[in-house]
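Residue numbers (our numbering): 268 to 567.
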């Protein structure tokens, strides 16, 4: 009997943990934390383990809260899409009240954790939650400009790490922000291309022209080019303490050109497999260049 009760408890805890991971989009949150850590290493004169842990915890809470609020607001729309109908709220596994408690708790914990680092860090974290929840989310059914608005909170994490390490906002974190800002467009338009039919079921307007056409593909190419340009600017010595050696800049450039190749292939083919390849290339690109930036700092 005790074994059976224990088994039920374990299964219940496992399901609760799974739903928590889904409501906070754990994989996305971890990738955001990774960006913040990279920014911290780039900005820090020396690594403070406590500060790094606060940044990691606060960053996860920040993203988790944003995603929980998003799923509360979009619960009825999520029920219309194959990709999202099994999420905790539309599936009925989690109540809106429970999701709201999670979101508010994560907001408070996240802001307090980032505030322990510095007021500027907490401010940018709070701005990120506000923009994602109050502007980006409702705009998704109104206009393709939602991707532009969503690019702001999406670009904050890389910059946030530098601010957390230095308590300063200048050209260095501004450059990190711009790199991830321009990266958002090819990444999310590639995703939007793949999921266009599903998005339309919920009335989401994610592609810049509203269609999977040449116009959208051309904009993807243009934003990819801007992303590459911004990513290699630190090699020219214009960005303060943020700099790249020539070998590192070459790696970043080649990585960007590889991503541009997939953007061009999407223009040529205009199909979902090409969009998927570009989306995967974009994920690889942003992770790779962050690693290159950090390694280059410590060996050059």
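We treat Cβ as the ideally placed atom computed from N, Cα and C, and that holds for glycine.
Continuous alpha helix (DSSP H) stretch holding residue i: start and end
i           : result
residue 504 : No alpha helix (DSSP H) contains residue 504, which DSSP labels as neither H nor E.
residue 293 : 293-310
residue 454 : 438-461
residue 522 : 513-536
residue 387 : 386-397
residue 417 : 413-433
Counted within 10 angstroms of its Cβ, other Cβ atoms place residue i as buried (16 or more) or exposed
i           : result
residue 455 : buried
residue 284 : exposed
residue 388 : buried
residue 565 : exposed
residue 549 : buried
residue 375 : exposed
residue 309 : buried
residue 320 : exposed
residue 553 : buried
residue 367 : exposed
residue 343 : exposed
residue 551 : exposed
residue 304 : buried
residue 513 : exposed
Which of helix, strand or coil DSSP assigns to residue i
i           : result
residue 483 : helix
residue 372 : helix
residue 329 : helix
residue 339 : helix
residue 407 : coil
residue 346 : coil
residue 546 : helix
residue 477 : coil
residue 287 : helix
residue 377 : helix
residue 322 : helix
residue 557 : helix
residue 565 : helix
residue 361 : coil
residue 313 : coil
residue 539 : helix
residue 509 : coil
residue 499 : helix
residue 356 : coil
residue 351 : coil
residue 472 : coil
residue 282 : helix
heavy atom of the ligand PLP below 8 Å from residue i C-beta
i           : result
residue 415 : Absence of the ligand PLP is noted for the structure shown, with no ligands found whatsoever.
Residue i and residue j closer than 9 Å at C-beta
i           : j           : result
residue 350 : residue 434 : no
residue 357 : residue 370 : no
residue 384 : residue 302 : no
residue 404 : residue 452 : no
residue 426 : residue 507 : no
residue 291 : residue 316 : no
residue 414 : residue 461 : no
residue 333 : residue 400 : yes
residue 432 : residue 296 : no
residue 430 : residue 440 : yes
residue 533 : residue 500 : no
residue 470 : residue 423 : no
residue 568 : residue 563 : This structure gives no information on residue 568, because the portion of the chain shown stretches from 268 to 567.
residue 325 : residue 359 : no
residue 476 : residue 411 : yes
residue 543 : residue 457 : yes
residue 561 : residue 518 : no
residue 286 : residue 348 : no
residue 322 : residue 299 : no
- Decide if the stretch 523-531 is in contact with the stretch 488-507; the criterion is three or more beta carbon pairs, one per stretch, under 8 Å apart. They touch, by the three-pair rule.
- Query: Does the stretch 334-341 come close enough to the stretch 433-446 that 3 or more CB-CB pairs lie under 8 Å?
  - Reply: Note that the stretch 433-446 does not touch the stretch 334-341; fewer than 3 beta-carbon pairs, one per stretch, sit closer than 8 Å.
- Query: Does the pairing of the stretch 535-547 with the stretch 476-488 give three or more beta-carbon distances under 8 Å?
  - Reply: Yes, the stretch 535-547 is in contact with the stretch 476-488.
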